[in-house]
Every structure is written in C-alpha cells, then in structure tokens.
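Single-structure report; data block below.
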Amino acid sequence: MQNRPVTLPLLKAVDVVKSKDDNNDPFVTGLEFLSDGRLVAVDNRNNKCFIMNVRLQRKGQPYNFKTAVHDVRCLFHFLIAVSTGKQICILSINSECTTSLIKRINTSSPIYSISCMTSSKMVVSTYNYNRSVRMISYDGVEEDFDKFELPKTIYKIDESRCTYIQAKNTLVMIDKLAHTVYMYDTLKGTSIAVTDESIQQPSGVCVSDLVTRC
171 MQNRPVTLPL LKAVDVVKSK DDNNDPFVTG LEFLSDGRLV AVDNRNNKCF
221 IMNVRLQRKG QPYNFKTAVH DVRCLFHFLI AVSTGKQICI LSINSECTTS
271 LIKRINTSSP IYSISCMTSS KMVVSTYNYN RSVRMISYDG VEEDFDKFEL
321 PKTIYKIDES RCTYIQAKNT LVMIDKLAHT VYMYDTLKGT SIAVTDESIQ
371 QPSGVCVSDL VTRC
C-alpha cells in the first residue's frame, strides 16, 4: 500500500460541554450532517441526540432515549437512523430542530455503526454477535452477506465498525485489535485486507470522494 499524503484542514471546532440536564460528561460516538448543513450528534453517556447549526451551536431540544445510543446516519434529507442496542430508531428533524420518532426497528443482534446501502436498506456493524456485519431494511428485514466471508471474530462493543461506499458497492470494515481494514466488493464477492504501520487500532471509518479515513 503506497502512502499518499493527505491534508485535512480544520474548519471549526467546539468543546461539547455538559449541559444542565446532563447526568454525565458528554461522549459523542456518532456525527452526521443533514442535507442543509446542520449536524446531528449522539451522546452515548447521556442517551440523547442533539442538533448543531453550521456554527456548531446547539439548537432545539435534544431527543432523549431510554438506553445508550451509538451511531447516527442520515437516510434522506431530514430523516435519520440512530442505533441503540438491539434497536434502530428512525427519527425526523424539522426546520426548527424538533426531533420526532417515526418508528423503531427491533433487531436480533446488538447494533453499533449504521451506513446506507440502498434507498431501502442499511448496513450495520454488530457486537457480541457471530456475524460482524449485517444488512437491515427499513421494514426490519435482516440479511447476511453470502458472497464473501467475514472475520469469524465476535467483536466487543468498540472493536469493529463499518461503512458502505454506495458508488463502488464496497463494504469497509475495521478490526481495531488486528490493526486491519477489510474491503469487500459486494457484487463480485472479492475482498482485501489492508494493513500498514500507519493503521494502528483504527476506531472508525468514513469515506469521502477521494480518501478513506480510519
């Protein structure tokens, strides 16, 4: 693997501080942009998601969950999915930053990260389960990938995550303890495992037009 220097400029930063209704110091485990530039954050330690504007100022009231939340993904314009244990919550966000629950999707496995695969299907990473990545439709139908073999490891909650590159039909999964990034072509059934001295305990993965960042 050839190293290619990539510069990621810092545009803006903000400290996420404890608010008056928080029981614990915030711990953001998921971030996602809406189509209008607003940012949705999930706070794992306070079981909530909240909205920030383009200046990273909190807007509206946070949406509170009964259990810890892990990740968030924008499904369509102002419709988001939030993972919380064995459940995915589908919520809508209006122009005034009010968040409303649309539906809950119960799952047979604990879910951590969420990615969009098609207009009707998500790809999710699991933990404490024998299939590390699964597909789930918006109607709650669960499927497994069968064209390639995933690692047989049963990952703990913070040891693996995944994302999906729709333009290339490629699933990307990280193995934190193995210092490895796996890439699977879901149409051809081929795969590669990427290791490099610069990849040490990858904790997440996201994709832009030009680079994959871990």
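All residue numbers for the sequence shown refer to our numbering, where the first residue is 171 and numbers rise by one.
Backbone N, C-alpha and C fix where the C-beta goes; we use that ideal spot for every residue, glycine too.
Computed from a prediction, not measured in an experiment: that's the story for all the values here.
Nearest in C-alpha terms to residue 358, of all of 367, 316 and 346, is 316.
The DSSP-derived three-state label of residue 337 is helix. Straight through space, the alpha carbons of residue 264 and residue 323 are spaced by roughly 40 Å. The residue from 200, 192 and 229 with its alpha-carbon nearest to that of residue 373 is 200.
For residue 310, the closest of 367, 206 and 251 by C-alpha to C-alpha distance is 251. For residue 342, the three-state secondary structure derived from DSSP is strand. The alpha-carbon of residue 313 is positioned some 17 Å away from that of residue 321.
Counting along the chain, residue 273 sits inside the beta strand (DSSP E) bounded by residues 269–288.
The C-beta of residue 220 has 16 or more other C-beta atoms within 10 Å across all chains shown, which makes the residue buried. In the structure shown, residue 324 falls within a coil segment according to DSSP collapsed to helix, strand and coil.
When the alpha-carbon of residue 338 is set against those of 350, 209 and 361, the nearest one is in 361.
With 16 or more other Cβ atoms from the protein chains shown falling within 10 Å of its own Cβ, residue 275 counts as buried. With fewer than 16 other CB atoms across the displayed protein chains lying within 10 angstroms of its CB, residue 247 is exposed. Less than 7 Å divides the Cβ of residue 334 from the Cβ of residue 285.
With a threshold of 16 other beta carbon atoms within 10 Å, residue 327 falls short and is exposed.
Distance check between residue 224 and each of 216, 207 and 211 places 207 closest, using alpha-carbon atoms only. Under the criterion of beta carbons closer than 8 Å, residue 281 and residue 294 qualify as touching, at roughly 5 Å.
If you check the CB distance, residue 185 and residue 198 do not come in under 7 Å.
Taking C-beta atoms under 8 Å as the contact rule, residue 363 and residue 352 qualify, at a distance of about 5 Å. Spanning the alpha carbons of residue 319 and residue 180 requires a straight line of approximately 38 Å.
Taking the C-beta atoms as reference points, residue 349 is found no nearer than 7 Å to residue 336.
With a 10 Å radius around the Cβ and a threshold of 16 neighbouring Cβ atoms, residue 253 comes out buried. Restricting attention to 367, 244, 332 and 204, the CA atom closest to the CA of residue 376 is found in 332.
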